[in-house]
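For reference, the structure discussed in these notes is given below.
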Amino acid sequence: MTATVRAGTIETNGSRRSATDSSKERRRSARARREGLAALLFLLPDSLGLLIFVFIPMVIAIVLGFFRLDGFGNISFVGFGNYIRMAQDPQFLQSAGITALYLVILVPAIFVVGLLLALLVQQRIPFIGVIRSALFAPYVISLVVVGLMWQFMLADKVGVVNQFLSAFGVHGISWLGDPHYTLGTVVVISIWFQMGYYMIIFLSGLQDIPAELYESARIDGAGAWQRFWNITWPMLRPTSLFVFVTATIAVITGGFDLIYILTGGGPAGTTSLLIFYIYQQAFLYGEYGYAAAIGSVLVLVLLIWSAFMFRITKGGRIDDE
């Protein structure tokens, strides 16, 4: 009799435990559904923005690349005609070469300058807040204002830069009119404009590195270079991937305002980047289909480059060494 009662008690306790577990599971499922719904609502505005302002225009541009369109209602299907024309267009090839050179110089320069500045402003030095703000300040200025400001400073005879250099016996350099200097001038101004933004990104990556790693390295007698190479550099891999990809996209697709204000693509097309050449074809010559084809190729190049960077950096993971 006692055993039966005990068995019944055990059975009753098991049923209660089962009911309790079931209730917890239902609450867990309901909570997961609420969190999933909240995540969807948070992502909805950005998703709609990407769909309306990025993916749909991108698809339209790809389709337009197979047509000849002059903006006055005259449209005809040309198949791969625009792409064949692209391969035979010397001005397009020149712009592609200038863009590649601009990219090869500017992206590594932005990377190195941004990293060095981040390492500098990470130190505990007086007025560090003021220094950080001063370095970041150029990035919040409109590119049009930046272009006008530097155009004034680089004026051939009355510009501040040439006035300063004349004190050292350097005269008559046309920074924005001489084909030997224009691209380099644009690169320097671009570095000055963007360095603060990438400095902040690197700084956030540096501050995520646990201080215990550096303390252990110091105890083991590691020098500054050894700490950078064995701790800082590997731990910055995700940040480095982000900087390389975003800087490449920014360099290829941005800078139109600066080029338009400073040089207008000249002299002799030496600063006619692809983004500026697309503008010329679409809005100066009415070749909308051709401009769309060039834009499609540009997007394809960026996708390949991003996939390549993701591949060689292993997606920024730091646990695959």
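For the sequence shown, the working numbering assigns the number 30 to the initial residue and increments by one for each residue that follows.
Ideal placement from N, C-alpha and C gives every residue a C-beta, glycine not left out.
Being a predicted model, the structure only gives us computed values, none of them experimental.
| Item | Value |
| --- | --- |
| Rank 243, 298, 265, 193 by C-alpha distance to the C-alpha of residue 227 and give the top, closest one. | 265 |
| Quick one: residues in its chain with C-beta nearer than 6 Å to the C-beta of residue 94, no 5 flanking neighbours on either side, listed in chain order? | 111, 321, 322, 325 |
| I'd like the span of the alpha helix (DSSP H) that includes residue 82, first residue to last. | Counting along the chain, residue 82 falls outside any alpha helix (DSSP H), and DSSP gives it neither H nor E. |
| For residue 183, which residues in the same chain have their Cβ closer than 6 Å to its Cβ, ignoring the five residues on either side in sequence? | 190, 204, 205 |
| The alpha helix (DSSP H) that contains residue 233, what's its start and end? | 211-236 |
| Quick one: give me the first and last residue of the alpha helix (DSSP H) that residue 266 is part of. | 266-282 |
| Any chance the stretch 241-254 sits against the stretch 98-117, with 3 or more Cβ pairs inside 8 Å? | no |
| Along the chain, where does the beta strand (DSSP E) containing residue 98 start, and where does it finish? | 96-98 |
| Please confirm whether residue 91 and residue 98 have their CB atoms less than 8 Å apart. | no |
| Examine the Cβ distances between the stretch 287-300 and the stretch 123-139 and report whether three or more of them are shorter than 8 Å. | yes |
| Which runs of the alpha helix (DSSP H), 4 residues or longer, sit entirely within the stretch 106-154? | 110-117, 119-150 |
| Taking DSSP's pairing of strands, which residues face residue 157 in a bridge? | For residue 157, which the question treats as bridged, DSSP gives no partner whatsoever. |
| Which term fits residue 87, buried or exposed, when burial requires 16 or more other beta carbons within 10 angstroms of its beta carbon? | exposed |
| How far does the alpha helix (DSSP H) with residue 175 in it extend, from its first residue to its last? | 172-182 |
| What number of angstroms, rounded off, separates the C-alpha of residue 263 from the C-alpha of residue 136? | 20 Å |
| Measuring CB to CB, does residue 331 end up less than 8 Å from residue 278? | yes |
| Can you give the Cα-Cα distance for residue 78 and residue 192, rounded to whole angstroms? | 48 Å |
| By a C-beta neighbour count over all protein chains shown, 10 Å radius and 16 as the cutoff for buried, is residue 254 buried or exposed? | exposed |
| Compare the beta carbon distance of residue 287 and residue 215 with 8 Å and say whether it is the shorter of the two. | yes |
| Straight-line CA distance for residue 173 to residue 54? | 58 Å |
| Using the C-alpha atoms, what's the distance from residue 229 back to residue 267? | 15 Å |
| What does the alpha-carbon distance come out to for the pair residue 341 and residue 143? | 21 Å |
| Flag this pair as yes or no: are the beta carbons of residue 167 and residue 222 separated by less than 8 Å? | yes |
| Could you check whether residue 281 and residue 212 sit closer than 8 Å to each other, using their CB atoms as the reference points? | no |
| Using a Cβ-Cβ cut-off of 8 Å (strictly less than) and excluding sequence neighbours within five positions of residue 243, which residues of its own chain qualify? | 256, 260 |
| Who does residue 104 pair with in a DSSP beta bridge? | 98 |
| Could you give the residue range of the alpha helix (DSSP H) that holds residue 324? | 317-341 |
| Less than 8 Å separating the beta-carbons of residue 100 and residue 317? | yes |
| With a threshold of 6 Å on Cβ separation, who are the neighbours of residue 121 within its own chain once the five nearest residues in sequence on each side are excluded? | 115 |
| To the nearest angstrom, how far is the alpha carbon of residue 149 from that of residue 157? | 9 Å |
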